[in-house]
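Chains as they are written, first to last, in the numbering used here: chain H, 14 to 373; chain E, 174 to 460; chain S, 8 to 269. Think of the CB as a built atom: it goes at the ideal place given N, C-alpha and C, for glycine as much as any other residue. Input: a single structure, listed below in structure tokens.
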Amino acid sequence: MVTFDTSIASKFRRSSGDRRDLAMRVIWISALLLAVMIVASLTVGASGTSLLAALMDWASGLDIGLRERVILFDIRAPRTLMGVLVGASLAVSGAVMQGLFRNPLADPGLVGVSAGAGLGAILAIVLGGLLPPAIAAFTGIYTVPMAAFLGGWLTTMLLYRVSTNRGRTSVAVMLLAGIAVGALSGALSGVLVYMADDAQLRDLTFWGLGSLAGATWTKFAVAAPLIALSLAATPFLAKGLNALTLGEATAQHLGIRVQLMKNVAILTVAGATGAAVAVSGGIGFVGIVIPHLLRLAIGPDHRYLLPASALLGGSLLLFSDMISRTIIAPAELPIGIVTATIGGPFFLYILLRNRGVLDI
Amino acid sequence: MVNQWKFTILGGLSSFLVGIAVFATVAQAEEVPSRVLSIGGSVTEIIYALGEQDRLIARDTTSSFPAEAEALPDVGYMRALSPEGILSVDPQLIIAEAGSGPQETIAVMEQAQIPFITVPDGYDGAAVGAKIRAVADALGVSERGETLATSIDAQLDALDTQSDASKRVLFILSMQGGRILASGANTAADGIITLSGGINAVTDFEGYKPLTDEAVTAANPDVIVMMDRDGDHATADNDLWGNPAISTTNAGQTQNIVRIDGLLLLGFGPRTPEAVATLHDALYGDL
Amino acid sequence: MIDAQKISVTLSGAPILNEVSFRAQAGQLTAVVGPNGSGKTTLLKAATGELPYSGVIDLDGRDIQDYSTADLAARRAVLPQAAALAFPFTVLEVVRLGLLSGLHAEDDDLPSRVLAHVGLAGFEGRFYHALSGGEQQRCQLARVLVQVWQPVRSGRSSWLFLDEPVSALDIGYQLEVMQIARDFVDKGGSVVAVMHDLNLTSMFADSVALLAGGRLLVQGDPTTVLTDQHLSAAYNCNVRVNVAPEQIGQVPFILPHMASLG
Chain H
14 MVTFDTSIAS KFRRSSGDRR DLAMRVIWIS ALLLAVMIVA SLTVGASGTS
64 LLAALMDWAS GLDIGLRERV ILFDIRAPRT LMGVLVGASL AVSGAVMQGL
114 FRNPLADPGL VGVSAGAGLG AILAIVLGGL LPPAIAAFTG IYTVPMAAFL
164 GGWLTTMLLY RVSTNRGRTS VAVMLLAGIA VGALSGALSG VLVYMADDAQ
214 LRDLTFWGLG SLAGATWTKF AVAAPLIALS LAATPFLAKG LNALTLGEAT
264 AQHLGIRVQL MKNVAILTVA GATGAAVAVS GGIGFVGIVI PHLLRLAIGP
314 DHRYLLPASA LLGGSLLLFS DMISRTIIAP AELPIGIVTA TIGGPFFLYI
364 LLRNRGVLDI
Chain E
174 MVNQWKFTIL GGLSSFLVGI AVFATVAQAE EVPSRVLSIG GSVTEIIYAL
224 GEQDRLIARD TTSSFPAEAE ALPDVGYMRA LSPEGILSVD PQLIIAEAGS
274 GPQETIAVME QAQIPFITVP DGYDGAAVGA KIRAVADALG VSERGETLAT
324 SIDAQLDALD TQSDASKRVL FILSMQGGRI LASGANTAAD GIITLSGGIN
374 AVTDFEGYKP LTDEAVTAAN PDVIVMMDRD GDHATADNDL WGNPAISTTN
424 AGQTQNIVRI DGLLLLGFGP RTPEAVATLH DALYGDL
Chain S
8 MIDAQKISVT LSGAPILNEV SFRAQAGQLT AVVGPNGSGK TTLLKAATGE
58 LPYSGVIDLD GRDIQDYSTA DLAARRAVLP QAAALAFPFT VLEVVRLGLL
108 SGLHAEDDDL PSRVLAHVGL AGFEGRFYHA LSGGEQQRCQ LARVLVQVWQ
158 PVRSGRSSWL FLDEPVSALD IGYQLEVMQI ARDFVDKGGS VVAVMHDLNL
208 TSMFADSVAL LAGGRLLVQG DPTTVLTDQH LSAAYNCNVR VNVAPEQIGQ
258 VPFILPHMAS LG
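Here is the structure:
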């Protein structure tokens with residue numbers, strides 16, 4: 014994504030103010046980049062097993078070892094697909110939230126989705142042992158992701174109820190209530206952390222840093238439909254989010270059913286973020302940095318911003334994951350550390366170069 | 174959106190391929206595993222004590238003793254193991270301390286048909302022998318394990334630790350920002366203190382928890398035990414004795430601190446008799 | 008035609024509008040005037056569906072409550088008083104937002120033509136937030152014009168609601184923007200404008216509604232409404248209405264003053 018030099022964008026905008034062609038070009042480049050990242054993610058890893066070599070052996074009828082099969086199809090394949098989905102949903106959720114709140118700094122973390130999901134996960138880690146055996150046996154190792162999703166979902170619904178008065182949702186109230194709910198879940202999490210034993214504390218720490226290491230086909234099957242459904246809803250939000258840039262009243266005057274659009278946007282974000290946080294833990298930064306970068310390159314038109322965010326978000330997460338699992342191989346660095354380490358300085362650099370454009 | 178459908182199809186296809194592949198797997202011949210991955214500091218120590226270290230191909234981050242072990246590849250922290258990281262060192266057998274994971278990684282090892290053996294945990298004299306026997310059984314050297322376990326049990330029995338003057342001992346895991354994180358009941362620290370003839374000064378809770386100043390005063394330990402980390406002990410001592418709560422205790426007034434290597438003290442491995450003797454001497458040596 | 012009957016609006020417990028009835032004829036420029044706090048903007052917001060009200064507002068013979076959001080958007084555009092933009096759109100992109108109502112399948116030149124019409128030719132690639140206040144106002148005017156351009160061309164009923172469209176402009180652009188509104192009426196559209204400047208009102212309006220204290224004082228053509236008596240009562244100060252010299256069209260022009268002229 015480094016190649017979308019902002020000078021390209023400024024050339025376009027000086028000439029005509031029409032960035033649609035540029036946006037389409039960026040979308041195609043992002044799609045290509047994602048394809049490259051997927052192949053790389055299937056090929057790169059601590060074990061040195063190569064997808065291409067294994068596939069060729071397999072195709073020519075040679076027996077590829079059990080170890081190679083497990084690495085390619087049970088470890089890397091679900092991990093790669095999960096990375097694409099999680100990256101896409103984090104980036105798109107960020108972009109939708111920013112559009113909805115008309116604030117380029119908004120993030121699912123702000124409206125309590127992440128806080129609620131985190132509280133759910135902590136509850137499951139610390140108190141999971143108290144579940145009735147029948148339920149525990151049923152949920153098994155998916156107790157934590159399921160609790161995280163439920164937590165995110167319930168928090169969003171609560172906030173939504175608090176901020177909706179006579180059918181009208183106040184975004185400002187929701188933002189403030191989100192901060193309150195965030196503080197409350199922080200406090201509850203603190204109580205649980207105090208109750209946690211040594212082993213649980215370490216689980217909490219690692220969950221908080223996020224990882225795709227636990228990706229399995231079962232987890233993928235749990236998360237994918239929800240994320241796919243949420244992402245599929247976003248194209249219908251694009252026009253409305255564009256109009257919302259001018260304020261809610263003006264969006265309504267432009268023919269947007271603002272309340273309906275807000276409902277769909279909030280559900281989308283709760284679904285996508287809840288599912289993503291549930292399967293991968295707390296991976297920060299993607300939801301802020303990707304939409305920002307793209308806005309600088311192709312402008313804020315959500316019809317292009319949302320698909321481009323999905324593609325580039327998936328690429329960024331796959332790239333970070335490849336670093337996370339190779340840099341200290343055979344051990345693994347939590348991916349949250351990687352996204353922040355490569356994203357932070359790059360983002361600062363972009364901000365420094367574009368202070369004028371952003372300062373509105 | 175189109176992409177996701179493609180991925181789903183690709184995902185389904187690859188699951189299908191795996192299904193065929195697993196179906197076609199030929200059962201492998203039984204053999205003594207020669208490539209062993211050790212997870213957990215005490216497990217690694219036991220493998221060395223059994224003389225089976227030549228079969229070790231990798232270890233986890235907590236396996237820091239003996240020093241030769243640190244030359245082995247490190248597959249990461251025992252509770253956050255990555256499946257591909259483990260498979261990349263190509264182990265035939267994995268022996269792990271209780272609490273290793275996560276579960277997803279263990280599940281993948283089952284799929285890859287690599288035995289993942291978890292040895293039981295415990296914080297008393299019998300636990301050490303049980304651990305040694307479990308590791309030896311896994312390695313197929315049960316007899317040598319029995320010998321080692323019996324010897325360790327005998328060493329522990331031989332130590333006369335049950336002194337009349339039982340001292341109250343406070344184990345401090347860390348003092349980040351002046352907050353004292355102490356060991357309650359059912360911890361390795363509690364176990365080693367008891368084995369060494371001391372009394373754990375705080376048993377109101379389980380696990381490691383921050384103590385309030387008043388709780389420190391009420392616990393009134395005679396001795397403070399900490400892990401021996403590299404660093405400036407003088408500064409650490411100043412912080413410790415400068416702490417108002419600790420300064421009110423017997424330990425604070427006599428400035429009685431014992432520092433012992435963490436893995437030795439809390440590992441519950443073959444060096445536990447040494448740890449018991451060391452701590453006991455430190456507690457009662459002047460009597 | 009807009010026919011508003013007994014419109015009352017209460018905001019946070021305070022009555023803002025009290026049973027105001029007023030009419031705006033299609034094909035006219037109707038100005039709503041009155042002192043600060045008289046309820047001008049509130050009346051406009053009720054008429055555009057932004058504020059809940061009691062009473063009945065008919066637009067072209069049908070209660071505005073019965074229109075769908077899209078139908079309303081196809082029939083009327085609203086220029087708000089101030090429009091801050093949340094994200095860095097270019098001028099062209101802002102104007103293109105006027106096409107959202109979906110009527111203009113692929114009239115890609117329209118935004119540029121309308122920009123030229125409001126005096127912003129060549130501004131397409133500039134960032135909206137880097138424009139001056141007056142340029143932003145004209146850019147927004149271009150956006151609302153784009154929204155109602157096609158209905159007017161095809162002879163359908165089409166309304167522009169303007170909330171103080173010239174407040175941020177210098178006298179040159181004030182005339183220009185009012186002239187654009189006048190052009191729109193001449194092409195068959197209808198305009199309702201909340202106005203501060205009584206002289207511009209007298210020059211451009213076909214009908215004037217004078218509000219004071221949340222009530223309608225009087226509505227009619229400019230010469231009947233803009234009188235010493237009405238304005239002095241509404242604005243609570245001495246006002247002398249004169250007649251402009253013949254070459255500017257003999258419209259009333261208004262000067263407030265401190266002295267009592269008896």
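Neighbouring residues, chain H, relative to residue i (Cβ below 8 Å)
| i | result |
| --- | --- |
| isoleucine 259(E) | Pro343 |
| leucine 99(S) | Ser29, Gly30, Asp31 |
| aspartate 377(E) | The premise fails here: aspartate 377(E) is roughly 14 Å from chain H at the closest Cβ pair, so nothing lies under 8 Å. |
| glycine 249(E) | Ile341, Pro343, Ala344, Glu345 |
Proximity test, Cβ basis, 9 Å: residue i and chain E
| i | result |
| --- | --- |
| tyrosine 207(H) | yes |
| glycine 357(H) | no |
| valine 83(H) | yes |
| alanine 228(H) | yes |
| phenylalanine 219(H) | yes |
| glycine 58(H) | yes |
| aspartate 216(H) | yes |
| serine 328(H) | no |
Candidates the options, of which the one nearest residue i by Cα
| i | options | result |
| --- | --- | --- |
| leucine 92(S) | Leu346(H), Val282(H), Ala264(H), Ser293(H) | Ala264(H) |
| isoleucine 268(E) | Leu223(E), Ser261(E), Leu260(E), Val216(E) | Val216(E) |
| glycine 425(E) | Asp410(E), Asp434(E), Thr451(E) | Asp410(E) |
| glutamate 447(E) | Ala418(E), Thr422(E), Lys340(E), Asp333(E) | Asp333(E) |
| alanine 309(E) | Ile353(E), Lys340(E), Gln226(E) | Gln226(E) |
Spatial distance of residue i from residue j (CA atoms)
| i | j | result |
| --- | --- | --- |
| aspartate 235(S) | histidine 264(S) | 12 Å |
| alanine 11(S) | phenylalanine 29(S) | 5 Å |
| phenylalanine 241(E) | leucine 85(H) | Looking at the sequence itself, residue 241(E) is glutamate, so the reference to phenylalanine does not match. Roughly 33 Å between the two C-alpha positions. |
| isoleucine 372(E) | alanine 455(E) | 14 Å |
| alanine 327(E) | threonine 278(E) | 38 Å |
| valine 173(S) | methionine 37(H) | 38 Å |
| alanine 200(E) | arginine 92(H) | Because the pLDDT of alanine 200(E) is 36, which lies under 50, any placement of that residue in the model is unreliable, and the number read from its coordinates should be weighed accordingly. Roughly 28 Å between the two C-alpha positions. |
| threonine 136(E) | isoleucine 348(H) | The question about residue 136(E) has no answer, for chain E in this structure spans 174 to 460. |
| leucine 254(H) | serine 243(H) | 16 Å |
| isoleucine 269(H) | aspartate 216(H) | 46 Å |
| threonine 159(E) | phenylalanine 344(E) | This structure cannot speak to residue 159(E), because chain E is shown only from 174 to 460. |
| arginine 115(H) | leucine 257(H) | 7 Å |
| serine 293(H) | threonine 286(H) | 10 Å |
is_contact[residue i, chain S] using C-beta, thresh 9 Å
| i | result |
| --- | --- |
| aspartate 120(H) | no |
| lysine 252(H) | yes |
| asparagine 276(H) | no |
| aspartate 70(H) | no |
Any chain H beta carbon closer than 9 Å to residue i
| i | result |
| --- | --- |
| glutamine 286(E) | yes |
| leucine 24(S) | no |
| arginine 252(E) | yes |
| phenylalanine 191(S) | no |
| lysine 47(S) | no |
| serine 237(E) | no |
Cross-chain neighbours of residue i in chain S, by beta carbon under 9 Å
| i | result |
| --- | --- |
| asparagine 116(H) | Ala93 |
Chain S contact residues for residue i, given Cβ-Cβ distances below 7 Å
| i | result |
| --- | --- |
| leucine 113(H) | Here the premise fails: no neighbours, minimum Cβ distance about 10 Å. |
| histidine 305(H) | Per Cβ cutoff of 7 Å: no residues; histidine 305(H) is ~11 Å from chain S at best. |
Partner residues on chain E for residue i, Cβ-Cβ distance less than 8 Å
| i | result |
| --- | --- |
| arginine 80(H) | Leu260, Asp263, Ala285 |
Partner residues on chain H for residue i, Cβ-Cβ distance less than 9 Å
| i | result |
| --- | --- |
| arginine 232(E) | The premise fails here: arginine 232(E) is roughly 10 Å from chain H at the closest Cβ pair, so nothing lies under 9 Å. |
Chain-ordered neighbours of residue i on chain E, where CB pairs are closer than 9 Å
| i | result |
| --- | --- |
| leucine 61(H) | The sequence shown places glycine at residue 61(H), not leucine. Those are Ser261, listed as they occur along chain E. |
| arginine 338(H) | Ser255, Glu257, Gly258 |
heavy atom of the ligand PLP below 8 Å from residue i C-beta
| i | result |
| --- | --- |
| isoleucine 301(H) | The ligand PLP is not part of this structure, which contains no ligands at all. |
Partners in chain H for residue i, counting only beta-carbon separations shorter than 7 Å
| i | result |
| --- | --- |
| serine 28(S) | Those do not exist, as serine 28(S) stays about 24 Å from chain H at its closest Cβ, beyond 7 Å. |
Residues in the stretch 54-80 of chain S having any Cβ partner in chain H nearer than 8 Å: Thr55, Gly56, Glu57, Thr76, Ala77, Leu79, Ala80
For the stretch 132-148 of chain S, which residues have a beta carbon sitting closer than 8 Å to at least one beta carbon of chain H? Gly132, Arg133, Phe134, His136
Taking Cβ-Cβ distances below 8 Å as the criterion, which residues of the stretch 153-166 of chain S are in contact with chain H? Gln154
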